[in-house]
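Protein chains: 2
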Amino acid sequence: MDSIAGAGGAMSPDHLPDEDVDALEQWWRAANYLSVGQIYLRANPLLRVPLEAGHVKSRLLGHWGTTAGLNFMYAHLNRAIRERRQQMLFVTGPGHGGPANVANAYLEGTYTEIYPDITRDEEGLARLFRQFSYPGGVPSHAAPETPGSISEGGELGYSLAHAYGAAFDNPDLVVACVVGDGEAETGPLAGSWQSTAFIDPVHDGAVLPILHLNGYKIANPTVLARMPEERLRKYFEGLGYAPRFVDVADPRDHAEAHRRFAGALDDCLDAIREVQGLARARSKAGTVPADGDGQPAWPMIVLRSPKGWTGPRVVDGLPVEGTWRAHQVPLSGIHENPEHLAQLEEWLLSYAPGELFDDAGVPRADVVGLAPQGELRMSATAHANGGRLLRPLDLPDPRDHLIPVASPGVERAGAMANLGVWLREVIRLNPENFRLFGPDETASNRLSAVYEATDKVWQAQLLDVDEHLARAGRVMEVLSEHLCQGWLEGYLLSGRHGVLNSYEAFIHIVDSMFNQHAKWLKVHRELPWRLPVASLNYLLSSHVWQQDHNGFSHQDPGFIDHVVNKKAEVVRVYLPVDANTLVCTMDQVLRTRDYVNVVVAGKAPSLQWLGPEAAAAHCAEGLGIWDFAGSEVAGEEPDVVLGCAGDVPTTEVVAAAAMLRADDPGLRIRVVNVIDLMRLQDDREHPHGLTHEAFDAYFTTDRPIVFAYHGYPWLIHRLAYRHTNHPNLHVRGYIEEGTTTTPFDMAMLNRIDRFHLALDVLDRVPGVEERRPGLRARYEERLVRARAYTREHGEDDPDIDAWTL
Amino acid sequence: MDSIAGAGGAMSPDHLPDEDVDALEQWWRAANYLSVGQIYLRANPLLRVPLEAGHVKSRLLGHWGTTAGLNFMYAHLNRAIRERRQQMLFVTGPGHGGPANVANAYLEGTYTEIYPDITRDEEGLARLFRQFSYPGGVPSHAAPETPGSISEGGELGYSLAHAYGAAFDNPDLVVACVVGDGEAETGPLAGSWQSTAFIDPVHDGAVLPILHLNGYKIANPTVLARMPEERLRKYFEGLGYAPRFVDVADPRDHAEAHRRFAGALDDCLDAIREVQGLARARSKAGTVPADGDGQPAWPMIVLRSPKGWTGPRVVDGLPVEGTWRAHQVPLSGIHENPEHLAQLEEWLLSYAPGELFDDAGVPRADVVGLAPQGELRMSATAHANGGRLLRPLDLPDPRDHLIPVASPGVERAGAMANLGVWLREVIRLNPENFRLFGPDETASNRLSAVYEATDKVWQAQLLDVDEHLARAGRVMEVLSEHLCQGWLEGYLLSGRHGVLNSYEAFIHIVDSMFNQHAKWLKVHRELPWRLPVASLNYLLSSHVWQQDHNGFSHQDPGFIDHVVNKKAEVVRVYLPVDANTLVCTMDQVLRTRDYVNVVVAGKAPSLQWLGPEAAAAHCAEGLGIWDFAGSEVAGEEPDVVLGCAGDVPTTEVVAAAAMLRADDPGLRIRVVNVIDLMRLQDDREHPHGLTHEAFDAYFTTDRPIVFAYHGYPWLIHRLAYRHTNHPNLHVRGYIEEGTTTTPFDMAMLNRIDRFHLALDVLDRVPGVEERRPGLRARYEERLVRARAYTREHGEDDPDIDAWTL
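Residue numbers (the numbering used here), protein chains in the order written: chain A, 7 to 811; chain B, 7 to 811.
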C-alpha cells in the first residue's frame with residue numbers, strides 16, 4: 007500500500023536519487039553497527055579477528071528493539087537538514103534507544119568533540135562500546151550525558167511535551183519528536199497531542215511527531231500498533247494532525263523503505279513550511295482569521311517498522327525481529343552458547359564494518375558525508391544545550407513593586423495579586439524568552455494583572471465572549487499539570503525562562519516529572535560542556551490553609567517533602583510571608599541557574615509584616631529575628647523561641663506572641679521567621695544551611711522552641727535534627743486533619759493556631775502559669791469561642807486579629 | 007442539526023412520550039432548585055417568605071456551572087434505569103458539581119436514609135442547604151460522604167479509569183461516567199479512553215462515557231469544546247467509540263433537549279446490549295473471533311449544553327449562562343447588592359418550588375416518582391459502597407509456598423519469582439474478584455508464573471506471536487501507571503481485590519492519585535455506612551539498588567516517604583528480605599481492609615535468610631533480633647546494634663556483622679531486622695508503633711545503632727526520633743548517588759555497603775581498633791578492591807559474599 011501518496015504529499019516515492027539511498031543506507035548501517043557494538047562488545051570493536059566470547063561483555067544490557075528505527079530516522083533527518091539547511095532538534099521518546107543517540111553523535115563527530123577520550127579510531131571505538139551500560143559509564147537511555155538530548159529516556163511520557171516546549175518562541179526550529187508506541191499509552195503523552203491547540207505558526211517553531219509503531223512494549227503489543235490504520239488516522243486527525251503513514255512492508259527492501267520515508271519527510275517539511283508561511287504572511291498583512299476552524303492540520307509521520315529491524319530474525323527457533331523478543335538483547339548467554347556467539351558475529355558482519363571504517367577505525371568519509379555541518383548537527387545544536395543560548399532576564403526593580411507597611415500586622419494585602427503586577431513587568435521586559443505556565447489557575451491564583459501585558463495562547467476557535475485569549479502570548483494555560491511541566495522543561499532546557507503556577511496540593515501530579523528534572527540537573531551540573539540553564543520555578547498558591555469549600559482533598563503541603571529528598575545542590579524552598587517578601591523571593595529565584603525553586607504563598611489578602619527595606623534584608627538573609635513580635639531583653643536569653651515558616655503559621659505565631667506578651671509581660675519571647683527553608687539544615691547538608699553556631703544564635707542551645715510550620719511538621723525535624731537545640735524543638739504543622747472549613751478552623755484542627763501555640767508555650771516554659779494563674783483556662787476558652795463562632799456564622803470571627811494581635 | 011439520527015440510532019427524537027418529558031423536567035427542576043439552595047441559602051429554604059439577605063450564606067462557595075447538566079443527566083439515567091431495570095453506577099468527573107450528587111441522593115431518599123438528621127421536610131432542607139460548603143459540612147465536590155460516589159471530585163483526571171475499574175467483572179453493570187471537558191485535558195483522562203482495548207464485553211460490564219461539553223474551565227474555554235465536531239467525532243472513533251452528539255441548540259427548549267438526550271441514551275443502552283449480547287452469544291458458542299478488527303465500537307454521548315444552564319443569563323450586563331462566568335457562583339455580593347438578591351430570588355422561583363415540595367417541605371410524589379427503587383437508585387447502589395459486596399479472598403496457605411532454608415545467608419532464590427507462584431494460586435482460587443495490575447512490568451518483575459493460571463486482557467487484534475494474551479484474564483497490563491491505579495481504585499471501591507505491581511522509582515507517577523485515595527480512605531473509615539473495602543496494595547520491585555543499565559533516572563525510593571505523610575491509620579509499609587518473608591507479607595496485606603499497603607522487594611535472586619517458621623514468626627512481629635547474625639552474650643547489653651530494613655541493606659548488615667565478628671570475636675553485636683517499617687514509630691503515632699519500652703528492648707537505651715535502610719536515611723530519623731536512643735542512631739540509606747552500575751557499586755556509592763557499615767561501627771564503638779589495629783585500613787582496602795573489580799569486570803565480584811559473609 008502506498009501510504010505516502012495517500013497522504014496527499016507532492017512527492018512520489020521514487021523521487022529519491024539512488025545516491026541518496028546509498029548515503030542513507032551507509033549511515034544507517036554504520037549507526038546500527040555502532041549500536042550493536044555498544045550493547046555487546048568489550049573488545050575487538052572492528053571484528054578484525056574472529057569474534058570470541060572474551061570480546062563480549064559479561065553483562066548484556068541495553069535495548070536493541072527501538073534502536074535500528076531511531077538510527078533510520080536520524081539518517082533521514084540528516085539528509086533533510088543538509089538539503090534544506092533546516093535547524094532541527096531531535097527528541098526521542100523511546101529513550102532506551104540510547105545506543106542510537108550515542109552512535110549518531112559519534113558519527114557526526116560531536117561525541118569526540120565533547121568527550122575527547124572517545125577518539126575516532128579503533129581505540130576510541132573500544133572505549134565507546136565498553137562505556138555503554140557499564141559501571142560508571144553511560145546509561146542505556148538518553149540522558150544529560152547524551153549530546154543533543156533534552157529528554158531523559160528513563161521514565162516515559164514526556165517527549166512530546168518537551169518537544170513543544172523547545173519549539174515555543176523558536177520560529178526557525180523544527181523539533182523532530184519520536185514517540186514510541188509504548189510511551190503513547192501513558193496519560194501524559196496522550197494528553198500532549200493536544201498541544202496543536204497551543205503552538206503558534208507565526209511566532210513558534212514546529213514539532214514533527216514521528217510515531218514509531220514497532221509493535222511491542224517489554225512484554226506486550228502496544229495499543230496503538232494494534233489499532234486498524236483507519237482508526238489511527240482518525241485519532242490523529244481528530245487531534246489536529248495530518249498523518250503520513252510509512253509502512254515497512256518488506257524489512258529486507260531497504261531502498262524502498264528509504265524512498266518511502268524520505269518522501270514522507272519531505273512532504274511533512276514542505277507542509278510545515280506551507281502552514282507557517284501562510285500564517286506568517288497573514289500575520290504580516292494583518293489578515294489573521296479569528297475563527298479557529300482555520301487551525302492548520304500539522305503534519306506527522308506514522309512509521310511502522312519491525313522491532314529490532316536488521317537484527318536476528320530467529321533465535322533458538324523462535325521469531326525475534328518484529329516481535330517483543332527483540333525489545334532488549336535479542337541474543338543472550340553468549341559466553342555459554344557458541345551458536346549465539348556465531349549468530350552475533352554474523353549479525354555484526356552483516357553491516358560490513360570493513361566498508362564503514364578505515365584501517366585505523368576512522369569512519370569513512372563517504373559514510374559520514376551525510377552529517378550536516380557544525381551547529382546544524384542535531385547532536386551539536388545549541389537548542390539541546392540551552393545554556394549556550396540563555397540570555398539573563400531583564401528584571402524590573404523589585405523596589406518599584408514593594409508596598410509600604412506602616413506597622414507590622416495591621417494592613418492586609420494580597421501577596422499574589424501584587425506579584426501579578428511585578429510579573430506583568432517581567433513579561434513586558436522579556437517578550438521573547440519568558441513564559442508563565444499554569445493549569446487554568448493563573449486567574450484563580452490572583453495573577454490576573456499579567457493580562458494587562460499579554461494574553462493566553464490559543465489556536466482554536468475564538469469567540470466574542472473570550473477574554474485575554476490570542477494566537478500569541480506569554481501565558482500558557484491548559485488543564486494538565488503534566489503538559490505545563492513538560493512544556494516548561496523543554497522551554498528551559500532549550501535556553502529560556504519560566505514559572506509554573508499551580509495549586510499546592512495538585513502539584514504532586516508532577517512529582518515524578520520533578521524527580522526526573524532534578525536528577526537531570528544534578529548530572530547536567532557535573533558536565534562542563536552543558537552550560538547553566540534557568541531554574542525551574544514553581545509558584546504554588548491556593549495552599550493547604552486556604553481551601554474553604556474545596557476541603558480535605560485539596561489539602562496537601564507534601565510537595566516540599568518530596569523536593570527536599572533530592573540533591574541539596576539542586577533544590578531550594580521559600581515560604582514568603584507577605585507581598586513584599588514574595589516579590590523579593592521571586593526576584594531572587596528568577597536570577598538563579600540549574601535549580602528547582604519552590605515558592606509557596608497564599609492568595610487571600612493577609613496581614614503585611616515587612617516594609618520594602620526590611621523585606622529585602624529578610625529575604626537576603628533567608629531568616630531573621632522579628633524584634634517587633636518578640637519581647638526580648640537585650641543581652642539576655644529569651645525564655646522561649648517561637649519559630650515560624652509560611653504565611654499562615656507566621657500570623658499565628660505573631661498572634662500567640664502578642665497574646666502571651668500582653669498576658670505575661672515578664673515573659674521573654676523571641677520570634678524567628680524563616681523564608682528560605684533550607685537555612686534550617688546545617689551547612690554540611692545544604693549550601694544554604696546554617697552553621698551550628700549560627701543556628702544556636704537564632705534558636706539558642708537550650709530554650710524551648712515552638713515552631714509553627716506550613717507543611718508536615720516532621721520535615722522541620724528532618725532538616726534540623728543535627729543542631730544542638732533539636733531536643734527542645736517542638737513543631738506544629740499540617741497533620742492531615744482537614745475538612746471543608748475556614749482557614750482559622752483549619753489552623754485549629756491541626757493545632758497550629760495562636761491558642762494552641764500559646765498553650766504549647768505554657769507547657770514548656772516554667773513559671774508562666776504560676777505568675778498568671780488561669781491563663782491556660784482562658785486560652786482554652788478562647789479556642790472554644792473561636793470554634794463556636796465559625797460554626798455559627800460560617801466564617802472566621804473577623805475580629806479575631808483585633809482581640810489577639 | 008439532528009445529531010442523534012446521524013449517529014445511526016434506532017430511536018427518533020420524538021419517541022419520548024410527553025408524560026416522560028414532564029417527569030424528567032420536574033425532577034430536573036427539583037434537583038436544580040436543591041442545588042442552588044445548597045450554594046446560596048442558610049434559611050428560608052422553600053422561599054415561603056420573600057428572600058432577604060439574611061437568608062443567604064455570607065460566604066458563597068460552590069460550582070454552579072456544571073451542576074445543572076449533571077442534574078439533567080441524572081434524571082435521564084433514572085428514566086432509563088426504571089424502564090430497563092438496569093443496574094447503574096454514576097461516576098462524575100466534573101466533581102465540583104457536588105450539589106448535583108447530593109440533590110439527587112436527597113430526592114431519591116438515600117440521603118435521609120444515610121444521614122437521618124437531613125430529614126425530608128422543611129427543617130431537613132434547611133440543614134441540607136446549610137451544611138454545603140459550610141465549616142464541618144460537606145465539600146463542594148463528590149467525596150466519600152456523597153452517597154453513590156466512588157470518585158473524589160477534587161483532583162481531576164481519574165473518573166473514566168475509575169468507571170472502567172468498577173465495570174470489570176460486573177457483567178450486568180453499566181457505569182455512566184460523566185467526563186468534564188476540563189478534565190478531558192488532563193493526561194490521565196486522555197490516556198483512559200484507550201480502556202476500550204481492555205474491557206471484555208463477555209465478562210465485564212460496560213462504561214457509558216458522557217463527555218459534557220459545557221465549554222469552559224475556570225477561566226478558559228476547553229480544548230475539546232472548541233474542536234470542530236468532525237474532529238471530535240474522529241478522535242473518539244479512533245479511540246474505539248461510536249459517539250452520539252446531543253447539542254442543546256436552544257437552552258430554553260427543554261422538551262426538545264429531553265427528547266434528544268433520551269433518544270441518545272436509549273440508543274446507547276441498546277447498543278451496549280447488542281455489543282454484549284453478540285459477544286456473549288459467540289463466547290457461549292465458542293466462536294470468538296481472535297482478530298481484533300472485530301473489536302466493538304462502544305457507544306458514548308457527547309452532550310453540548312450551556313455552562314450554568316437555567317441559571318442567570320446576564321449579570322451586571324455581562325453574559326453568564328453559557329460562559330466561564332457561570333463556573334462557580336454566578337451571583338455574588340448578595341449581602342451588598344439588592345439587585346443580585348432580587349435576581350437570586352427570581353432564579354430560585356423559576357424552578358417553582360411550590361410545585362416541587364408540599365406544605366411540609368416534602369418532595370411531591372409526582373416529582374420523585376422518577377426515582378428507581380431500592381438498590382437500583384444510583385445513590386444507593388452497593389457498587390458505590392463496595393464493602394457491602396466484598397467477599398474475602400480465598401488465600402492459598404503460605405506454608406505451601408515457603409522454601410526450605412538450611413542455613414541463613416547461603417542459598418539464593420528469587421523472592422518475586424517465588425511470589426509469582428503463590429499469586430498464581432491466589433488467581434486460581436479467586437477467578438472473579440481479584441486482578442493483578444501493572445504497567446507492562448509483570449514479567450520484568452518476575453511474576454510470570456501467574457500466566458500458568460491466567461492471561462493478560464486484550465481486546466484488540468491478536469497475532470500468532472502473542473503469548474498469554476486473551477479476551478479475558480486476571481492480569482491488566484498497560485503502559486500507564488495512571489490507568490493501572492485508576493482501574494484498581496475503581497475495582498476496589500466497588501468491592502473487589504487487587505495488587506498493583508510496578509517499578510519502585512516510577513510509582514511516583516501516581517503520587518497524587520495515592521494521596522487522593524488515602525484521603526478518601528481516611529474519611530471513608532469515619533463513615534459508619536461505608537463498609538470496609540480491600541486495601542490498595544502496591545508491590546514495588548526493580549528497586550533503587552538493582553537498576554544496572556537503567557541508572558540514575560530509575561533510582562528513587564521516595565514513594566515510602568510520600569506514603570507515610572498520610573494518616574497513620576491508613577498506611578502500612580513492608581520491606582520483606584527474602585522469598586519467605588515476601589510470601590508471608592503478601593498473605594498479611596491481602597487480608598487487610600481500608601489500608602494502603604506498600605511492599606518493596608527485589609526481583610534479582612538474593613540470599614535467603616529465614617526458613618518457613620522463622621519467616622512467619624518474623625513477619626507476625628514485624629521486626630526481630632537475628633541471633634544467627636549477631637554475637638551477643640546472654641544477659642549482657644551488646645556493644646552495638648546493627649539495624650536493617652530492606653533486602654539489600656539486610657545483606658550488607660549481616661555481612662558487616664560477619665566480618666566484624668570474625669575480625670574481633672570479642673565484639674558483641676546485635677542485628678535487628680525490620681520488615682514492618684511502621685514498627686519504628688512510637689505507639690502514639692502509629693497503630694503498629696512500638697512502645698518506648700519495646701523499642702528500648704530492641705535497640706537499647708544507650709548503645710550506638712548503625713542502621714542500614716532501603717530508602718532515604720532521614721525517614722528513619724523521622725519515624726524514630728521520639729525514642730530514647732535516638733541520639734545514638736546513625737542511618738545509612740540512599741542519598742541520590744547513582745549512576746549506571748552494579749548493585750554492589752550502588753551500595754558503595756551510597757555508603758551503605760558492608761565495608762562502610764563496618765567502618766561506621768569502628769567510628770562508634772570504642773576499643774575495637776585498639777584491640778585490632780589495622781582493621782580500619784583493611785576495610786578501606788577492601789572497598790578499593792571491590793570497586794576496582796567492578797570497573798575491571800563490569801560486574802560485582804561473585805566471591806564477595808564468600809569472603810565476607
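Think of the CB as a built atom: it goes at the ideal place given N, C-alpha and C, for glycine as much as any other residue. Computed from a predicted model, the values in this text were never measured in an experiment.
Please decide whether residue i counts as near chain B, where near means a Cβ-Cβ distance under 8 Å.
i, result
"A:Phe512", "yes"
"A:Ala478", "no"
Beta-carbon of residue i versus every beta-carbon of chain A: anything under 8 Å?
i, result
"B:Ile722", "no"
"B:Ala203", "yes"
"B:Gly491", "Note on residue identity: the sequence assigns Gln, not Gly, to residue 491 of chain B. Cβ-Cβ to chain A under 8 Å: no for B:Gln491."
"B:Ala449", "yes"
"B:Ala466", "yes"
"B:Leu175", "First, the amino acid is wrong: residue 175 of chain B is Asp here, not Leu. Output row for B:Asp175: interface = no."
"B:Phe558", "yes"
"B:Met233", "yes"
"B:Ala13", "Any answer about B:Ala13 is weak, because its pLDDT of 42 lies below 50 and its placement is not dependable; what the coordinates show is given next. Output row for B:Ala13: interface = no."
"B:Gly142", "yes"
"B:Tyr39", "no"
So, at 7 Å on beta carbons, what are the nonlocal neighbours of residue i in its own chain, with the 5 sequence-adjacent residues on each side left out?
i, result
"A:Leu219", "Asp187, Leu230, Ala231, Val308, Leu309, Arg310"
"A:Val647", "Arg676, Val678, Phe705, Thr706, Arg709, Ile711"
Please report the Cβ distance between residue i and residue j, rounded to the nearest whole angstrom; I am assuming they are in contact, meaning their Cβ atoms lie under 8 Å.
i, j, result
"B:Asn77", "B:Ala109", "7 Å"
"A:Pro207", "A:Ala167", "Going by Cβ atoms, the distance from A:Pro207 to A:Ala167 rounds to 19 Å, so no, they are not a contact pair."
"B:Ser41", "B:Thr72", "About 10 Å; that fails the 8 Å criterion."
"A:Pro414", "A:Phe750", "In fact, because the Cβ distance is near 20 Å, the residues do not count as touching under 8 Å."
"A:Asn679", "A:Asp708", "Not quite, the Cβ-Cβ distance comes to about 21 Å (not below 8 Å), so this is no contact."
"A:Leu214", "A:Gln93", "Their Cβ separation, rounded to whole angstroms, is 12 Å, which puts A:Leu214 and A:Gln93 out of contact at 8 Å."
Which same chain residues end up closer than 6 Å to residue i when comparing Cβ atoms and leaving out the 5 residues on each side of it in sequence?
i, result
"A:Leu765", "Tyr785"
"B:Ala334", "Sequence inspection shows Gln at residue 334 of chain B; the Ala mentioned does not correspond to that position. Excluding residues within five positions, the ones whose Cβ falls inside 6 Å are His69."
"B:Ala277", "Pro305"
Keeping to the same chain, check which residues put their C-beta closer than 8 Å to that of residue i; ignore five residues upstream and five downstream.
i, result
"A:Arg797", "none"
Could you check the C-alpha separation between residue i and residue j for me, to the nearest Å?
i, j, result
"B:Pro56", "B:Trp315", "24 Å"
"B:His530", "B:Ala668", "54 Å"
"B:Lys240", "B:Ala270", "18 Å"
"A:Leu355", "A:Ala182", "31 Å"
Any beta carbon of chain C sitting closer than 8 Å to that of residue i?
i, result
"B:Ile433", "As a matter of chain content, chain C is missing from the structure shown, whose protein chains are A and B."
### Residues of the segment 563-580 of chain B whose Cβ lies closer than 8 Å to any Cβ of chain A, in chain order
Gly564, Asp567, His568, Asn571, Lys572, Lys573
### Message
Output needed in chain order: residues of the segment 52-84 of chain A with a Cβ under 8 Å from some Cβ in chain B.
### Response
Lys63, Ser64, Arg65, Leu67, Gly68
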